[in-house]
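Enquirer: Have a look at this one.
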Amino acid sequence: MAIAETFTMAMCEYAWTSFRGNAKIWRGAPQGTKWEKRIHPTQKPVKLYMWQLKLFARDGMRILDTHAGSGSLEVACMRQGLKCWGFEIDQTYYEMARRRIEEEAAQVNLFEEGGEYEQSLLEMP
Ligand SMILES: C[S@@+](CC[C@H](N)C(=O)[O-])C[C@H]1O[C@@H](n2cnc3c(N)ncnc32)[C@H](O)[C@@H]1O
């Protein structure tokens with residue numbers, strides 16, 4: 001999906017890793033889609049995180065998200081069977097992300113009866 005010239009935020013973002021490898025480009029819809037409700041101003045698409053996890057995460061890893069925001073990474077981890085700890089300092093975003101994670105868990109459970117998902121969004125003290 002092309003980004004409108006009138007889009008007020010950056011039209012691309014860079015990310016670095018400590019892994020060896022060549023540069024990769026992921027193209028997606030930064031403004032969100034009708035299938036992914038926007039609840040946070042800098043919310044990343046779940047598909048972006050799924051792509052990153054596929055490239056870099058390995059079975060059994062636990063992902064640490066120190067700035068959870070909308071909970072997109074937590075949702076991506078759930079979809080890929082990875083455990084994740086998320087932290088969010090803002091109470092409002094925390095509540096919205098938690099709801100989103102719970103909704104995701106309910107969706108998954110419809111199809112995978114008895115499946116277990118350990119997903120935590122940890123409340124700040
Ligand atoms: C750039 S946003 C993260 C967006 C997220 N990746 C997403 O896809 O929705 C950064 C978030 O970190 C939170 N934050 C800032 N400082 C924090 C801290 N010390 N501990 C936990 N969360 C923090 C902010 O409230 C904000 O929601």
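No gaps in the numbering here: position 63 of the sequence shown is 63 in the working numbering, and each next residue is one more.
Ideal Cβ positions, reconstructed from N, Cα and C, are used throughout, including at glycine.
What you are looking at is a predicted structure, and each value in this text was computed from that prediction instead of being measured.
Quick one: grab the DSSP three-state call for PHE7.
Expert: Position 7 of the sequence shown holds residue 7. If DSSP states are grouped into helix, strand and coil, PHE7 belongs with coil.
Enquirer: Which ranges does the alpha helix (DSSP H) cover as unbroken runs of at least 4 residues, wholly within the segment 74–113, from first to last along the chain?
Expert: With a minimum length of 4 residues, the continuous alpha helix (DSSP H) runs that stay inside the segment 74–113 are 91–111.
Enquirer: Within 6 angstroms: the Cβ of PHE56 and any heavy atom of ligand 2?
Expert: This structure lacks ligand 2; its bound ligands are ligand 1.
Enquirer: With distances taken from CA atoms, which of ALA23, ALA29, LEU64 is nearest MET9?
Expert: If you number the sequence shown from 1, residue 9 lands on position 9. Closest by alpha carbon: ALA29.
Enquirer: Say the cut is 6 angstroms; is the CB of LYS156 nearer than that to a heavy atom of ligand 1?
Expert: In the structure displayed, the chain extends from 1 to 125; residue 156 sits before or after that span and is not available.
Enquirer: Ligand 1 and SER18: does any heavy atom of the ligand fall closer than 6 angstroms to the residue's C-beta?
Expert: Counting from 1 along the sequence shown, the entry for residue 18 is found at position 18. No - ligand 1 has no heavy atom lying nearer than 6 angstroms to the Cβ of SER18.
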